[in-house]
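One structure below.
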Amino acid sequence: MEVRDILESEEMRHVVEALTALRQKFSSHNHSEERLWPMAQVRNGPYKAEKILQIISDERDYYAGYKDVLAASFAGWLVLPRDREIREILMAQAVLTHMDRAELAVGNDGLTVEKDIAARYLFTGLDFLIEVFDCLGGYQAFRSGAAIDALIIAYDPVEKPINTAVRALVYLHHAVDRFGRPGFDFTPSLNKAVVIFDALKEPKRGFDFKQKYVSRSLLHDRWSKNKQTLAMLYAASTIKVNRRTLLYFLLDGSFSYHEHRKYIDLWMGRARFVASHIFSRMKDQDLQKRTRQLLGEGQAMSFAPPKLSGVENECFEEVFRNYIR
C-alpha cells in the first residue's frame, strides 16, 4: 500500500471534509483571518522583540497556543538577549505544554478516536500544528531530553547578576524619588548604586553580600548585556504573583502566557515608568531610548520602589547624605 494512495483516496477526502466542518463549527479562531506575523520569523535573523511584545500584549484573538509560544521566546530574550538556543528550548516547552493542555481538555479516562480528533484538530489546532509545531521542526525538535539541563546551565550564572542589577535600580528609584525634585542636582547612575553595594560589603554591616549579589565587574557586564530589558526585569520584580514575583518565573524559566497574561499591561506600564522616571534622568540616554523602542507608546504606571532593609537604608543615607536637605 502506497502512502499516496491513502492521501488521495475518497475516504481521506471525506475525512478532510468532516474535519473542516468540525473546525468551522467548534473552533473559536477565524481561519480566514490573515496571519499578522509568521512564526518562522521568530527563528530567522535578529530577534524582533518589539514585534513579539506588540503581539502578546494586544487584544487580538489568534489561534490557540500562538501567543504562548511567542511569549516563551520573549521571556527567554528578556533574561538572555543573545542566547538563541534558550529561546528555542522555551518555545519547545511551550508547545508541549499547549498540546498537553489540549489532551487534558478531552479527559484522561481512556483514548478514543473522537477524543484524539478533538484534542489534535480542535484544542491543539491545525493552525498550531502547521504554523508552530511543524515550523519548529516537528517531533525531531522535541526528542532531546537535555532541555531542562540546558536551561539550568544557562540561567544559573545570570540569576544573581540580574538580581543585583534589579536591586541597583531599586536604589536609584529611591534616590530619584527623594532627590529628583526641583532644588536637587541629582543624576542617577549605575556607579552611584555601586557605592551602596560597596557600603554593604563593609564587615561592620554584617551583610552577607556574596550570598545575594555579584561584584562590580559582573554587574556592569550584565547591565550592558541586558540594557534593553532592564526596565522590564525591574518592573517584573515589583509585581506579585501569589507569593512570588513575575521576575521569579522569568529567572526560573517557567514564565507562561497562559498563567501570567493578566499581568502584561501592568508590567509594560511599570516598565514605561522606569524609563520616564529613572532612565530619562541618566546620562546614558540609550537606556531610555532602547526601552521606549521596545515598549512602544502607551501609559506609564507609577509605582513605589520596594522597601529597603534596615542595613540598606543605613547605607543609602550615608552614601546620599550630600543630597539630603
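Okay, so the sequence shown: first residue is 10 according to this note's numbering, each after it adds one. Even for Gly, the Cβ is constructed at its ideal location relative to N, Cα and C. Predicted model only: the values in this text are computed from it and were never measured.
Asked                                                                                                           : Found
Same chain, Cβ closer than 7 Å to phenylalanine 216, neighbours up to 5 away in sequence not counted            : Leu209 and Val320
Cβ-Cβ distance between alanine 244 and methionine 291 below 9 Å                                                 : no
Where lysine 292 falls: helix, strand or coil (DSSP)                                                            : coil
Opposing strand residues paired with lysine 249 [DSSP bridges]                                                  : Thr254
Cβ shell of methionine 21 (< 8 Å), same chain only, five flanking positions each side left out                  : Ile15
Supposed close pair leucine 296, lysine 236 - CB separation, criterion 8 Å                                      : 6 Å
Backbone CA spacing between arginine 252 and aspartate 109 [nearest angstrom]                                   : 26 Å
Residue of Tyr272, Glu168 and Arg91 minimising C-alpha distance to threonine 247                                : Tyr272
Leucine 28 beta carbon less than 9 Å from that of isoleucine 157                                                : no
Whole-angstrom distance between lysine 60 and arginine 301, CA atom to CA atom                                  : 13 Å
Glycine 74 burial status per 10 Å Cβ neighbour count (16 or more: buried)                                       : buried
Proximity of glycine 262 and alanine 84 at Cβ, strictly below 9 Å                                               : yes
Euclidean distance between Cα positions of aspartate 136 and tyrosine 71                                        : 10 Å
DSSP state of proline 315 mapped onto helix, strand, coil                                                       : coil
Residue range of the alpha helix (DSSP H) that includes lysine 60                                               : 58-66
Secondary structure of serine 263, DSSP reduced to three states                                                 : coil
Top-ranked residue by Cα proximity to glycine 147, from Leu303, Asn172 and Met100                               : Met100
Inter-residue Cα distance where the pair is glutamate 326 and tryptophan 232                                    : 24 Å
Serine 82 (DSSP reduced to helix, strand or coil)                                                               : helix
Buried versus exposed call for glutamine 33 [16 or more other C-beta atoms within 10 Å across all chains shown] : exposed
Range covered by the alpha helix (DSSP H) that runs through valine 115                                          : No alpha helix (DSSP H) holds valine 115; DSSP gives it neither H nor E.
Below-9 Å beta-carbon distance, alanine 30 vs any chain C residue                                               : Here chain C cannot be found, since the structure has a single protein chain.
Exposure label - aspartate 77; buried when at least 16 CB within 10 Å                                           : buried
Assigned secondary structure, cysteine 324 (DSSP; H/G/I helix, E/B strand, else coil)                           : helix
First through last residue of the alpha helix (DSSP H) which encompasses glutamine 220                          : 218-221
Per-residue burial, arginine 176 [other beta carbons within 10 Å of its own, 16 or more giving buried]          : buried
Within the segment 133-211, ranges of the beta strand (DSSP E) (whole runs, at least 3 residues)                : none
Per-residue DSSP class, three states only, for arginine 69                                                      : coil
Opening and closing residue of the alpha helix (DSSP H) in which phenylalanine 35 lies                          : 19-35
Boundaries of the alpha helix (DSSP H) in which phenylalanine 282 is found, first to last residue               : 273-286
Between the CA atoms of serine 224 and valine 179 - distance to the nearest angstrom                            : 17 Å
Buried or exposed (CB count within 10 angstroms, at least 16 for buried), threonine 348                         : Residue 348 lies beyond the range of the chain shown here (10 to 334); nothing can be said about it.
Lysine 234: first and last residue of the uninterrupted alpha helix (DSSP H) it sits in                         : 225-234
Residue interval of the alpha helix (DSSP H) (run including leucine 131)                                        : It is not in any alpha helix (DSSP H) - leucine 131 carries neither H nor E in the DSSP assignment.
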